[in-house]
Amino acid sequence: MKKSVRLTAALLMGAFLTPIAATSASAQALSGRSLPDRPRLGVSYYKTPPGKQDEWLALYLKWHRPIMEYQIKQGVTTSSTVYANSGHSIEPSWDFMIVSVSPPPSTVKPLTKTRGEIIQELYPDIDAYVAGEKKRWEFTISHWDLDVTEVDLTAEHPGVYYPILPKKK
């Protein structure tokens, strides 16, 4: 019985530590890959209940898209494009993918308003905004964001382990 308990404990420990180790290794591999003079790319994924994609999109367009358009107008975001999954398969497990491009951090002037102030300006009826966002999130089964970095294939050492260094003048 003791052997069985130890084996179970070892398996549970391995199951718990493997994702942590993988995350750590991934973070180390990409360390030093971003520079302040490079555009930033963010990808957001949304999974909706079957048959609710159009309702989710209508809520997104009404209650979130104006915030993105405000950011584009202010120059904090360059573009934000919504894509729909065009296939029928188990994976990828998303219905909408939103790709947002932002200018290099070194070139962006910060917004003069907080996100709350922007929301209040765009949606004077804050209760309606909250209700709309709650409904959109009720139609969101899962959501995740990724920040991605372009791999410079022309670099001296293309890949993810060598840090990108600023060009010397």
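What the sequence shown shows, in mature numbering (1 follows the signal peptide of the UniProt record, and there is no 0), is residues -21 to -1, 1 to 148, in sequence order. Even for Gly, the Cβ is constructed at its ideal location relative to N, Cα and C.
Bridge partner(s) assigned by DSSP for residue i
i, result
"W116", "In the DSSP output, where bridge partners are listed per residue, W116 has none listed."
"Y62", "M76"
"L144", "BP columns for L144 are empty, so no partner."
"Y25", "F75, H122"
"R19", "S81"
Outcome for residue i when other beta-carbon atoms lying within 10 angstroms are tallied against a minimum of 16
i, result
"L40", "exposed"
"R115", "buried"
"R19", "buried"
"D74", "buried"
"A36", "In the sequence on display, residue 36 carries Leu and not Ala. The residue is buried, with at least 16 neighbouring Cβ atoms inside 10 Å."
"residue 155", "Limits of the chain in this structure are -21 at one end and 148 at the other, which puts residue 155 out of reach."
"L38", "buried"
"T27", "buried"
"D16", "exposed"
"W123", "exposed"
"Y62", "exposed"
Test item: CB-CB of residue i and residue j under 9 Å
i, j, result
"L125", "S23", "yes"
"V80", "S59", "yes"
"Q53", "L90", "yes"
"I105", "I97", "no"
"residue 225", "S121", "Because the chain is modelled from -21 through 148, residue 225 falls outside the range shown and cannot be assessed."
"R21", "V78", "Going by the sequence as given, residue 21 is Gly instead of Arg. It is a contact, given that the beta carbons lie within the stated cut-off."
Inter-residue CB distance, residue i and residue j (contact presumed, cutoff 8 Å)
i, j, result
"W42", "G111", "4 Å"
"T56", "M47", "6 Å"
"T119", "Y49", "That belief does not hold up - the Cβ atoms of T119 and Y49 are roughly 22 Å apart, past 8 Å."
Open item on the list: Suppose only complete runs of 3+ residues qualify. What are the beta strand (DSSP E) ranges in the stretch 81 to 138, listed by chain order?
Closed with: 121 to 127
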